[in-house]
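Asker: Quick note, the sequences are listed as chains A and B, same order. Residue 82 is where the first sequence starts when you use the numbering used here, and the numbers rise one by one after that. Residue 82 is where the second sequence starts when you use the numbering used here, and the numbers rise one by one after that. Using N, Cα and C, we set each Cβ at its ideal position, and we do this for glycine too.
2 protein chains.
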Amino acid sequence: MELYVERGFEQTTVAEIAERAGLTARTFFRYFADKREVLFAGSASLQEALVAALEGAPDDASPMEAVAAALDAAAAFLGEGRELSRQRQAVIGANAELRERELIKMATLSAALAAGLRRRGVTDPDASLAAEAGVVIFRVAFERWVTDSRARELSEIMRESLGQLRALTAASK
Amino acid sequence: MELYVERGFEQTTVAEIAERAGLTARTFFRYFADKREVLFAGSASLQEALVAALEGAPDDASPMEAVAAALDAAAAFLGEGRELSRQRQAVIGANAELRERELIKMATLSAALAAGLRRRGVTDPDASLAAEAGVVIFRVAFERWVTDSRARELSEIMRESLGQLRALTAASK
DNA sequence: CCCGTGATGTCACGCAACGACATCATGTTA
DNA sequence: TAACATGATGTCGTTGCGTGACATCACGGG
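1. If you measure beta-carbon to beta-carbon, which residues of the stretch 180-214 of chain A are closer than 8 Å to chain B?
2. For glutamine 128 of chain A, does the count of other Cβ atoms within 10 angstroms reach 16, so buried, or fall short, so exposed?
3. Please decide whether threonine 250 of chain A counts as near chain B, where near means a Cβ-Cβ distance under 8 Å.
4. Could you tell me which uninterrupted alpha helix (DSSP H) segments, each at least 4 residues in length, are contained entirely in the stretch 174-211 of chain B, listed from first to last along the chain?
5. With the cut-off set at 8 Å, would you say alanine 222 of chain A and methionine 239 of chain A are in Cβ contact?
6. Between which residues of its own chain and glutamine 168 of chain B is the CB-CB distance below 7 Å, once the five residues before and five after are set aside?
7. Starting from the beta carbon of glutamine 245 of chain A, find every residue of chain B whose beta carbon is closer than 9 Å, and list them in chain order.
8. Suppose you measure from the CA of arginine 231 of chain A to the CA of arginine 247 of chain B; what does that come to, to the nearest Å?
9. Give the DSSP-derived three-state secondary structure of threonine 105 of chain B in the structure shown.
10. Using three-state DSSP, classify phenylalanine 258 of chain B as helix, strand or coil.
11. May I ask you to verify whether the stretch 166-181 of chain B touches the stretch 99-106 of chain B, counting CB pairs closer than 8 Å and requiring at least 3?
12. Considering only the alpha carbon of each residue, which of A/Ser124, A/Val148, A/Pro139 lies closest to alanine 195 of chain A?
13. Distance, Cα to Cα, lysine 254 of chain A vs aspartate 229 of chain B?
14. Leaving aside the five residues before and after aspartate 141 of chain B along the sequence, list all residues of the same chain whose C-beta is less than 6 Å from its C-beta, in chain order.
15. State the DSSP-derived secondary structure class of glycine 137 of chain A, mapped to helix, strand or coil.
16. How should glutamate 146 of chain A be labelled, buried or exposed, when 16 other C-beta atoms within 10 angstroms of its C-beta is the threshold for buried?
17. Would you please state the rounded distance, in angstroms, between the beta carbons of glycine 160 of chain A and leucine 235 of chain A? I believe it to be under 8 Å.
18. Which of the three DSSP states, helix, strand or coil, is assigned to methionine 239 of chain A?
19. When you compare only the Cα positions, how much space is there between serine 166 of chain B and arginine 180 of chain B?
20. Within a Cβ cutoff of 7 Å, which residues of the same chain sit near alanine 138 of chain B, ignoring the five residues on either side of it in sequence?
21. From the DSSP output, in three-state form, read off alanine 232 of chain A for me.
22. Do glycine 197 of chain A and glutamate 136 of chain A have their C-beta atoms within less than 8 Å of each other?
23. Counting only the same chain and skipping the five closest in sequence on each side, list residues whose C-beta sits under 6 Å from that of valine 132 of chain B.
24. Using only CA atoms, which one of A/Asp207, A/Val217, A/Glu183 lies nearest to leucine 152 of chain A?
25. Does DSSP put glycine 123 of chain B in a helix, a strand or coil?
26. Can you tell me the Cα-Cα spacing of arginine 220 of chain A and serine 126 of chain A, whole angstroms?
27. Return the CA-CA distance between alanine 134 of chain B and arginine 163 of chain A, expressed in angstroms with no decimal places.
28. If you draw a straight line from the C-alpha of leucine 84 of chain B to the C-alpha of arginine 117 of chain B, how long is it?
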């Protein structure tokens with residue numbers, strides 16, 4: 082992160098990262114599949130947290146209520162490190178390759194949520210749609226939280242965004 | 082395409098592609114930004130066709146009706162080359178880097194459609210949502226068309242998928 | 001004290017991607 | 001016709017990503 086923020090993603094070589102970390106480039110590649118993956122190291126555990134929250138929702142919760150539980154977990158997971166999230170997002174936004182990687186992480190997350198919903202008994206078109214909607218809300222809320230100057234909580238913005246989507250879909254005849 | 086189908090994307094070198102085309106690797110990179118871009122060469126013109134159709138829709142058409150016009154254009158654009166689309170999709174599906182590239186192309190398409198809708202006077206949350214919904218329908222219908230053994234028309238599957246999404250959103254209270 | 005085992009380093013390699021420069025076929029203009 | 005500009009291609013050299021093969025070294029257990 083230090084190097085990516087200082088001089089940008091492309092201008093940073095793996096050798097430099099390894100040196101800063103007191104390692105060899107070869108060792109770097111034993112921990113991260115490629116230069117991009119460093120920025121997404123936490124995404125696996127984030128995904129696990131969301132899926133766990135979704136599956137831990139009450140049995141009688143609707144699909145979107147279960148998704149809302151997952152979003153709460155996301156807020157808890159990310160809520161503390163706003164400054165880190167800001168830097169990270171700035172780096173990713175400045176580079177096309179990183180945006181690609183982020184998109185596929187989001188797609189993976191969506192698939193995992195859909196699978197979790199199916200395990201809860203939600204059938205297929207609904208499971209996928211609810212999962213995709215959840216990811217859309219996550220992205221929108223996260224973007225606002227990172228951008229906004231006001232110190233609102235991520236969880237609050239998540240809930241607000243969910244409400245907005247609800248209103249929008251309800252209003253579409 | 083020949084080489085990617087024969088031996089897969091990763092096992093094909095740019096030098097081989099260039100040789101097959103009677104060129105140098107250096108020249109290849111003058112036409113395509115990278116090895117992946119070859120498979121997405123047509124995506125710019127596809128996007129232009131969709132946006133043109135969206136903007137050419139009647140003034141009194143609703144946002145989703147305009148999106149439907151764009152989907153018709155997509156069907157017209159791709160409808161003839163089913164076998165090519167099949168091969169292409171098989172290659173892309175077999176490789177993570179190519180899936181990433183495809184995701185960012187879809188995101189770009191969604192942004193272009195949203196911009197087109199805004200030019201039609203649709204305001205922001207609706208424009209983005211309608212555009213994203215359009216891309217979802219495109220993906221789902223295209224996937225079915227490529228996978229299905231039956232010889233149904235792409236345009237027909239597009240319209241059917243749009244109807245299903247409409248029904249789903251209408252049913253969600 | 002030896003012996004796995006896992007983490008790291010070293011070396012060598014293939015290949016993607018790009019900059020700089022040369023070449024060659026064009027069509028244009030005097 | 002000769003001179004010249006232009007655009008497409010080839011040639012050469014370089015950087016950096018990513019990987020396989022092998023060596024080394026620290027460690028804890030027997």
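Answerer: With the structure as the only source:
1. Arg180, Glu181, Arg182, Leu184, Ile185, Ala188, Pro206, Asp207, Leu210, Glu213
2. buried
3. yes
4. 177-200
5. yes
6. Met82, Val86
7. Pro206
8. 37 Å
9. coil
10. In the structure displayed, chain B extends from 82 to 254; residue 258 of chain B sits before or after that span and is not available.
11. no
12. A/Val148
13. With a pLDDT of 42 at lysine 254 of chain A, under the threshold of 50, the modelled position of that residue is not reliable, and the figure given next carries that caveat. Going by the C-alpha atoms only, they are around 31 Å apart.
14. none
15. helix
16. exposed
17. 5 Å
18. helix
19. 15 Å
20. Glu146, Ala147, Ala150
21. coil
22. yes
23. Ala193, Gly197
24. A/Val217
25. coil
26. 17 Å
27. 42 Å
28. 13 Å
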